[in-house]
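Residue numbers (my numbering), protein chains in the order written: chain A, 15 to 335; chain B, 15 to 335. Have a look at the structure below before the remarks.
There are 2 protein chains.
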Amino acid sequence: MVSIKDIAKQAGVSISTVSYALNGNPKVTEGTRNKILAVAEELNYVPNAAARTLKMRETKIIGAFLTSFQGSFYGELLQGMKEEANKRGYDLVICSGKQSHRMLPERLMDGAVILDRQFADEQLLQYAKRGHKLVVLDRELQHPGIVQVLLDNKAGGTLAIDYLIRQGHKKIYTVTGPMASYDSQQRLAAAKLAIERNGTVEHHIIYGNFDKPSGVAAAEKIMAEYTEPVAVFCFNDEMAVGMYRALQGTTYTIGKDIHIIGFDHIDVSRYLQPKLATIDYSERHWGAVAAEQLIKLIQEEPVENERIYVSLVEADSVGVV
Amino acid sequence: MVSIKDIAKQAGVSISTVSYALNGNPKVTEGTRNKILAVAEELNYVPNAAARTLKMRETKIIGAFLTSFQGSFYGELLQGMKEEANKRGYDLVICSGKQSHRMLPERLMDGAVILDRQFADEQLLQYAKRGHKLVVLDRELQHPGIVQVLLDNKAGGTLAIDYLIRQGHKKIYTVTGPMASYDSQQRLAAAKLAIERNGTVEHHIIYGNFDKPSGVAAAEKIMAEYTEPVAVFCFNDEMAVGMYRALQGTTYTIGKDIHIIGFDHIDVSRYLQPKLATIDYSERHWGAVAAEQLIKLIQEEPVENERIYVSLVEADSVGVV
DNA sequence: TTGTACGCGTTATCAC
DNA sequence: GTGATAACGCGTACAA
Chain A
15 MVSIKDIAKQ AGVSISTVSY ALNGNPKVTE GTRNKILAVA EELNYVPNAA ARTLKMRETK
75 IIGAFLTSFQ GSFYGELLQG MKEEANKRGY DLVICSGKQS HRMLPERLMD GAVILDRQFA
135 DEQLLQYAKR GHKLVVLDRE LQHPGIVQVL LDNKAGGTLA IDYLIRQGHK KIYTVTGPMA
195 SYDSQQRLAA AKLAIERNGT VEHHIIYGNF DKPSGVAAAE KIMAEYTEPV AVFCFNDEMA
255 VGMYRALQGT TYTIGKDIHI IGFDHIDVSR YLQPKLATID YSERHWGAVA AEQLIKLIQE
315 EPVENERIYV SLVEADSVGV V
Chain B
15 MVSIKDIAKQ AGVSISTVSY ALNGNPKVTE GTRNKILAVA EELNYVPNAA ARTLKMRETK
75 IIGAFLTSFQ GSFYGELLQG MKEEANKRGY DLVICSGKQS HRMLPERLMD GAVILDRQFA
135 DEQLLQYAKR GHKLVVLDRE LQHPGIVQVL LDNKAGGTLA IDYLIRQGHK KIYTVTGPMA
195 SYDSQQRLAA AKLAIERNGT VEHHIIYGNF DKPSGVAAAE KIMAEYTEPV AVFCFNDEMA
255 VGMYRALQGT TYTIGKDIHI IGFDHIDVSR YLQPKLATID YSERHWGAVA AEQLIKLIQE
315 EPVENERIYV SLVEADSVGV V
């Protein structure tokens with residue numbers, strides 16, 4: 015490996031001069047600088063990140079921790095994070111799994127965005143206490159080293175339920191995500207509130223898991239109990255897709271017998287027959303805000319918790335009753 | 015930050031003893047080892063990755079470089095890579111974009127899997143020449159430091175075309191990916207060969223881009239030229255989905271007037287009406303093999319180029335004619 | 001069994 | 001303007 019020492023030898027100067035030249039320190043003369051840059055180029059010099067990090071105590075890299083790489087859900091989010099990070103001179107790496115958690119305390123990155131319930135609250139708080147900078151997208155957590163960038167689930171849940179009620183529905187199912195999911199908890203709280211506020215609606219809760227199979231299961235349960243047209247608020251589109259699948263080829267028609275609204279506005283929802291009503295938000299924007307806040311946190315700029323806004327997408331999967 | 019120096023002081027031993035103890039060197043006594051481990055625990059000691067890397071010249075991290083985070087395509091692949099890497103004591107990080115290319119030569123990772131045509135061949139060869147270990151999934155590249163793990167596109171292209179011909183089709187369109195795509199090139203070559211071998215089939219090529227809009231465009235072109243039932247081999251499912259979308263609500267029926275087969279067996283293809291015929295392979299296995307070969311390469315074990323096998327999935331999007 | 005000393009590649013603080 | 005030199009935290013050959 016070629017180091018600044020090699021360049022120094024080749025160029026006939028000292029290593030400190032090389033360092034100055036490479037870092038654009040104005041102390042070094044035009045002539046020697048050019049000479050040094052030429053030699054560096056010639057030798058294919060690449061700075062050693064480990065050495066620099068050891069000295070500088072920063073990597074200019076931020077990480078994003080996901081529970082899993084599967085599912086199409088996070089592409090736009092990561093893209094948004096990446097673009098914002100790059101714009102601010104940082105690189106982004108994506109990690110997944112408990113194994114990779116070590117990279118944060120080992121200081122392989124200057125901070126991280128957390129979207130992974132496998133990361134325990136106490137763990138994160140401990141990291142924050144040790145001076146690590148964090149942005150959480152999946153929980154509420156109070157610490158000076160942590161900033162929250164959360165979806166406006168309350169608004170989303172309310173929008174969905176109000177829409178169903180506005181369409182005349184009197185019997186509403188909600189299909190939740192996993193108990194541990196912050197987003198699911200918030201959506202449920204909002205849905206309950208919106209339903210109570212109305213007063214006359216019959217509400218049933220089905221506990222799901224944010225995946226297709228639990229959507230299938232929900233649909234089967236609903237069909238088994240079926241007596242009259244019902245509306246279903248699936249806490250994500252993935253489960254709604256599962257419901258579509260289960261209802262395919264049965265006598266129940268979506269948007270007539272069983273009305274469905276989802277959450278996320280995933281790409282597939284546009285290709286379903288009928289189109290799926292859902293709650294929309296910009297994943298990309300979410301990611302960009304997360305990266306922005308994280309980097310501000312790292313650079314000791316003032317930051318605040320942020321909320322990502324959502325909106326209603328009406329579609330034929332919800333009819334009038 | 016707490017370092018081994020702090021532990022040494024606290025435990026009343028020298029730093030080398032601490033280092034030995036932490037690394038399980040048998041030279042150090044049971045008693046002092048336990049004492050040291052206790053102190054380390056108490057002080058919340060975490061080894062500094064930069065310092066260790068600087069010394070050891072390895073990070074135990076491998077990277078995967080993608081063109082973009084968008085699209086649902088790579089989830090399973092990355093999961094497969096991650097699991098295999100973890101099994102072998104490595105961590106995986108995912109990177110995207112030209113900016114992040116620096117991480118490879120700067121030795122932030124011990125090697126990388128490349129799935130990004132933005133990485134130029136010469137660039138990769140240069141890295142390999144400097145001793146970096148690479149696995150390429152998206153091109154052929156010969157170098158002792160590079161191993162190829164490629165999809166068996168030839169088999170896929172042949173399977174698809176033979177299936178169409180077997181179903182009696184005499185007029186076949188192929189909708190390609192971008193010119194630069196290795197996979198697309200290989201699929202086209204195989205398709206051409208299979209068609210020539212048959213002799214009596216009329217072949218039309220439409221140049222696409224692997225995305226939905228180009229599927230839509232292809233469908234429109236085909237409808238404009240329509241005189242008799244045709245079969246279409248879309249070089250990926252994404253474009254096939256675009257075709258479905260464009261044909262929706264027209265007088266053309268998929269599987270009767272226009273027959274479609276895709277490639278990739280993406281999740282959505284199962285939810286289309288009618289189900290999409292396609293070429294299947296295990297993304298997860300692909301990823302696992304890639305990680306395995308990369309780590310073997312890093313550890314100087316013998317490696318060979320690998321091929322990932324594919325299979326045909328028949329479905330109603332292709333009818334008999 | 002434990003301690004001393006050195007080097008990994010950088011940057012930064014001094015002299016000169 | 002340039003050059004020694006001391007860190008940064010860790011691992012290890014060698015000495016004790």
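Beta carbons: idealized from backbone N, C-alpha and C, even for Gly.
Just how far apart, CA to CA, sit residue i and residue j?
i                      : j                      : result
residue 107 of chain B : residue 73 of chain A  : 15 Å
residue 105 of chain A : residue 225 of chain A : 31 Å
residue 273 of chain A : residue 166 of chain B : 44 Å
residue 184 of chain A : residue 322 of chain A : 30 Å
residue 317 of chain A : residue 296 of chain A : 21 Å
residue 156 of chain B : residue 62 of chain B  : 37 Å
residue 310 of chain A : residue 149 of chain A : 11 Å
residue 110 of chain A : residue 96 of chain B  : 8 Å
residue 221 of chain A : residue 314 of chain A : 42 Å
residue 59 of chain A  : residue 131 of chain B : 24 Å
residue 90 of chain A  : residue 128 of chain B : 21 Å
residue 66 of chain B  : residue 16 of chain B  : 14 Å
residue 136 of chain B : residue 136 of chain A : 47 Å
residue 168 of chain B : residue 174 of chain B : 10 Å
By Cβ distance, which residues of its chain are closer than 7 Å to residue i, with the 5 residues on each side in sequence left out?
i                      : result
residue 33 of chain A  : 18
residue 42 of chain B  : 31, 34 and 35
residue 223 of chain B : 191 and 192
residue 329 of chain A : 288, 289, 290 and 291
Does DSSP classify residue i as helix, strand or coil?
i                      : result
residue 325 of chain B : strand
residue 33 of chain B  : helix
residue 110 of chain A : strand
residue 318 of chain A : coil
residue 246 of chain B : strand
residue 115 of chain B : helix
residue 46 of chain A  : helix
residue 178 of chain A : helix
residue 52 of chain B  : helix
residue 170 of chain B : helix
residue 216 of chain A : strand
residue 105 of chain A : strand
residue 189 of chain B : strand
Whose C-beta lies closer than 6 Å to the C-beta of residue i among residues of the same chain, with five residues either side of it excluded?
i                      : result
residue 302 of chain A : 94 and 98
residue 246 of chain B : 187 and 274
residue 25 of chain B  : 49, 50 and 53
residue 69 of chain A  : none
residue 147 of chain B : 125, 159, 311 and 312
residue 256 of chain B : 226, 229 and 230
Taking the alpha helix (DSSP H) that residue i belongs to, which residues open and close that run?
i                      : result
residue 165 of chain A : Premise fails: residue 165 of chain A lies in the beta strand (DSSP E), 160-165, not in any alpha helix (DSSP H).
residue 236 of chain A : 226-238
residue 141 of chain A : 135-143
residue 256 of chain A : 251-261
residue 68 of chain A  : 63-70
residue 21 of chain B  : 18-25
Hey, quick one: how far does the beta strand (DSSP E) through residue i stretch, first residue to last?
i                      : result
residue 91 of chain B  : Per DSSP, residue 91 of chain B belongs to no beta strand (DSSP E); it is in the alpha helix (DSSP H), 89-101.
residue 311 of chain B : Per DSSP, residue 311 of chain B belongs to no beta strand (DSSP E); it is in the alpha helix (DSSP H), 297-312.
residue 147 of chain A : 147-150
Whose C-beta lies closer than 8 Å to the C-beta of residue i among residues of the same chain, with five residues either side of it excluded?
i                      : result
residue 71 of chain B  : 121
residue 251 of chain A : 276, 277, 278, 279, 280, 282, 283, 290 and 292
residue 333 of chain B : 181, 269, 270 and 273
residue 133 of chain B : 79 and 115
residue 57 of chain B  : 16, 20, 21 and 24
residue 144 of chain B : 119
residue 140 of chain B : none
If the cut is a Cβ gap below 9 Å, which residues of chain A does residue i touch?
i                      : result
residue 197 of chain B : Near residue 197 of chain B there are no residues of chain A at all, since even the closest Cβ is about 20 Å away, more than 9 Å.
Kindly list, in the order they appear in chain B, the residues whose Cβ is closer than 8 Å to that of residue i.
i                      : result
residue 109 of chain A : 105, 106, 107 and 108
residue 61 of chain A  : 120
Could you name the residues of chain B that residue i contacts, counting a contact when the two beta carbons are closer than 7 Å?
i                      : result
residue 83 of chain A  : 89, 92, 93 and 96
residue 100 of chain A : 111 and 113
Listing by chain order, which chain B residues have their CB less than 9 Å from the CB of residue i?
i                      : result
residue 306 of chain A : Result: empty, since nearest Cβ-Cβ is about 17 Å, beyond 9 Å.
residue 259 of chain A : 284 and 285
residue 223 of chain A : The premise fails here: residue 223 of chain A is roughly 17 Å from chain B at the closest Cβ pair, so nothing lies under 9 Å.
Within the present structure, is the beta-carbon of residue i separated from the nearest heavy atom of the ligand MG by less than 7 Å?
i                     : result
residue 71 of chain A : With respect to the ligand MG, the structure shown offers nothing to examine, as it has no ligands at all.
What in chain A is Cβ-close to residue i, meaning under 8 Å?
i                      : result
residue 151 of chain B : Residues of chain A passing the Cβ test: none, with the nearest at roughly 15 Å.
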